[in-house]
Amino acid sequence: MIYRRITELDFKLSDLPSLAHPSRVLMTTPEHFAIKYVINAHMNGNIGTVDKAQAFEDWVEVKNAYVHCGVDVETLAGVAGLPDMVFCANQTLPYLSEDGKHKGVVLSKMFAPQRAPEVQHFRRHFEERGYQIMDDLASSTIEFEGMGDALWHSGKRLLWGGYGFRTDHRVYDLISEKLNVPILLLNLEDPEFYHLDTCMCILDDQTVLIFPNAFTSDGLALIRHFFSVVIEAPEIEARTLFACNAHCPDRKHVLIQKGCEGTNAALRNHGFEVIELSTDEFLKSGGSVFCMKLMTW
Ligand code: ARG
C-alpha cells in the first residue's frame with residue numbers, strides 16, 4: 067500500500083474509508099525557544115538571534131487565531147534545553163484506529179540528536195491521556211519526524227509521506243502496515259524544503275497549496291491526480307515566508323505568515339478566508355504556523 071507514482075495506483079479516493087477531521091491542536095509553550103544549533107538551511111547565521119519577547123507575542127497570536135476559528139487549544143510546557151520543542155508537529159503522528167474508537171500516536175525518531183529528547187515529553191503527554199503509543203522506531207535506525215513529513219489527506223484514511231531529509235522512506239512500510247492505510251510517497255530534494263509541511267498544505271479534500279519545485283515529477287503527478295485544485299505559492303513566498311507552512315484547521319480559514327500576497331490572493335479566489343500572522347521569530351529556525359502546532363483528535 068505504498069505508492070510512488072500514479073501508474074502504481076490501484077484505488078480511487080472515493081474507495082477509501084473516511085477519517086474524522088481532527089478538532090484540536092496541541093501547542094508547546096515557547097519560553098525555551100531559541101536557536102542554539104543549525105540543523106536546517108534556514109537556521110544558518112541565526113544562532114542567538116531570537117527575540118524572546120517577540121517570539122512569545124508571535125506564539126500567542128497563533129494560539130489566539132486557533133481559538134478564533136473555534137479550535138480547542140491544548141498546551142504542553144516547553145522544556146529548558148530543548149529549544150526546538152516548540153515545533154510540536156514533529157515528535158509524533160497522531161492517528162485514529164480504523165473503527166474510530168481509539169486514538170494513538172506514532173512516536174518519531176528525530177533526525178538531529180539535539181531534538182531526540184523532545185519525544186519523551188510527548189510520549190508522557192499522550193500516555194496520560196490514554197492514547198495508544200506506537201514506539202517501534204525507538205529501537206530502529208529509521209528516522210521519522212511525525213507530522214513534519216506525514217500528512218493525513220483531509221477526511222480520508224490516506225497518508226502523504228514526505229521523505230529525503232528528515233524521514234527515512236522505510237518508516238512508511240511500517241506505518242502503512244500497522245495502521246492499514248495507503249501512503250503516497252513524496253521525495254523531497256531541495257534542502258530549503260526539508261519537511262513535507264514546508265512545501266505542501268492540504269486545505270480540504272480537493273484543494274492543496276504547494277511549492278511545485280520542491281517535488282519530483284512523480285510526486286507532482288500524484289498531487290495533481292488526487293487534488294482537483296492545486297494552488298501554487300510563488301517561489302519567494304514559499305522560500306522566505308514559508309507560505310506552504312500555513313494551516314487550514316476547518317476547511318475555511320487559512321492561518322499563514324503575513325506578507326504572502328500572491329498566495330493569499332489565490333487562497334481568497336478559491337473561497338478561503340486568510341488570517342495573516344507574524345511568525346517572524348520562528349521563520350529564523352525554519353518553521354511557521356504548521357510546525358507550531360499538532361492536530362489531534
Ligand atoms: N528548527 C527546527 C528543525 O530544524 C524547525 C522545525 C520545523 N518544523 C516543521 N514541521 N517543518 O527541526
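Each position in the sequence shown, counted from 1, maps to that position plus 66 in the numbering used here. A virtual CB, placed ideally from N, CA and C, is assigned to each residue, including glycine. Since this is a predicted model, take the numbers as computed values, not measurements.
Beta-bridge analysis with DSSP links Ile341 to Leu321. Taking Val137 as the centre and dropping the five residues before and after it, the same chain places the C-beta of Ser89, Arg90, Val91, Pro315, Asp316 closer than 8 Å to its C-beta, in chain order.
Contact annotation: Cys267 and Phe259 have beta-carbon atoms that are not nearer than 7 Å.
Per the Cβ contact rule, the segment 287 to 296 is not in contact with the segment 230 to 241 (fewer than 3 Cβ pairs under 8 Å). Distances from the CB of Phe153 to the heavy atoms of ligand 1 include at least one below 6 Å. Using a cutoff of 6 Å, the CB of Gly144 does not count as near ligand 1, since none of the ligand's heavy atoms is closer than that. Unbroken beta strand (DSSP E) runs of no fewer than 3 residues, entirely contained in the segment 84 to 161, are found at 90 to 94, 138 to 142, following chain order. A distance criterion of 6 Å places the beta-carbon of Cys357 in contact range of ligand 1, judged by its closest non-hydrogen atom. In chain order, Arg70, Arg71 place their CB closer than 7 Å to the CB of Asp284, counting only its own chain and leaving out the 5 sequence neighbours on each side.
Sixteen is the threshold: since fewer than 16 other Cβ atoms of the shown chains lie within 10 Å of the Cβ of Gly166, the residue is exposed. Within the same chain, Cβ atoms closer than 6 Å to the Cβ of Gln323 are found at Leu307, Phe308, Thr345, Ser354, the five residues on either side in sequence being excluded. Counted as a single uninterrupted DSSP element, the stretch harbouring Asp263 is not any alpha helix (DSSP H), since DSSP gives it neither H nor E. Note on Glu193: under 16 other CB atoms within 10 angstroms of its CB, so exposed under the neighbour-count rule. Counting only unbroken stretches of 4 or more residues, the alpha helix (DSSP H) elements lying wholly within the segment 211 to 290 are 237 to 245, in sequence order.
The C-alpha of His187 lies about 26 Å from the C-alpha of Gly230. In the DSSP assignment, Val172 falls within the beta strand (DSSP E) that extends over 169 to 173.
Counting C-beta pairs closer than 8 Å gives three or more between the segment 110 to 122 and the segment 334 to 353, which meets the contact rule. Excluding residues up to 5 positions away in sequence, Cys265, Ala299, Ala304, Cys310 lie with their Cβ nearer than 6 Å to the Cβ of Phe277 in the same chain. Under DSSP, the beta-bridge partners assigned to Met200 are Val172.
Counting along the chain, the unbroken beta strand (DSSP E) around Ile297 starts and ends at 295 to 298. Distance from the CA atom of Phe153 to the CA atom of Gly147, rounded to whole angstroms, is 14 Å. A Cβ-Cβ distance of about 21 Å is found for the pair Ala143 and Phe356, leaving them out of contact under the 8 Å criterion. Contact between the segment 157 to 174 and the segment 195 to 202 is present: three or more C-beta pairs spanning the two stretches fall below 8 Å. Proximity of the beta carbon of Asn110 to ligand 1 is not indicated: no heavy atom of the ligand is located closer than 6 Å. Under the DSSP definition of a beta bridge, Ile68 partners with Ile249.
For ligand 1, no non-hydrogen atom lies closer than 6 Å to the CB of Asp215. Relative to ligand 1, the beta carbon of Asp263 is positioned inside 6 Å of a heavy atom.
Closest by C-alpha distance to Ile68, out of Leu159, Leu360, Leu225, His313, is Leu225. Here DSSP, grouped into helix, strand and coil, assigns Leu82 to coil.
The C-beta distance from His191 to Pro149 rounds to 19 Å, too long to fall under 8 Å, and the pair is not in contact. Per DSSP, the unbroken beta strand (DSSP E) holding Leu360 starts and ends at 360 to 362.
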